[in-house]
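Per numbering that gives the first Met the number 0, the very first residue in the sequence shown carries number 0; after that it's consecutive. Using N, Cα and C, we set each Cβ at its ideal position, and we do this for glycine too. Note that this is a predicted model, so its numbers are computed, not measured. These notes are about the structure you will find just below.
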Amino acid sequence: MTEQASFAERIWADTVFMAVLFLARTARMAGDPRLAEEALEQTLLHLRALQDDETGLLYHGWNCASGTGCPRRNGTGRTRGTPSACR
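Rendered as structure tokens:
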């Protein structure tokens with residue numbers, strides 16, 4: 000775990016399957032429609048931000064400050080042509 004990491008103005012696909020799934024399950028267990036609505040809204044926001052307009056594929060992350068997407072990395076932590084903002 001990296002406690003001092005700063006990921007300001009970045010959107011990650013990981014958030015959808017971690018935080019959003021948690022929100023959705025909690026909404027179901029607690030019977031709280033506000034949490035369900037937030038889970039849906041977060042999913043839609045992430046899809047709008049992460050989906051490449053040309054290919055329809057999702058970026059693994061998006062840097063809002065630089066306007067660059069970060070493609071999914073392979074097992075070595077490298078992706079051919081990865082923008083420097085994503086390294």
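Between G60 and A18, the beta carbon gap of about 14 Å keeps them out of contact (Cβ cut-off 8 Å). DSSP places L56 outside both helix and strand once states are collapsed to three, so it counts as coil. Taking the CA atoms as reference points, E53 sits about 30 Å from A23. Q50 has L57 as its beta-bridge partners, per DSSP. Under the DSSP assignment, G68 falls in the beta strand (DSSP E) whose first and last residues are T67 to C69. Here the alpha carbons of C69 and L20 stand approximately 22 Å from one another. Residue pairing by DSSP places R9 opposite N62 in a beta bridge.
Relative to the Cα of A38, the nearest Cα in the group T25, G55, L56 and Y58 belongs to T25.
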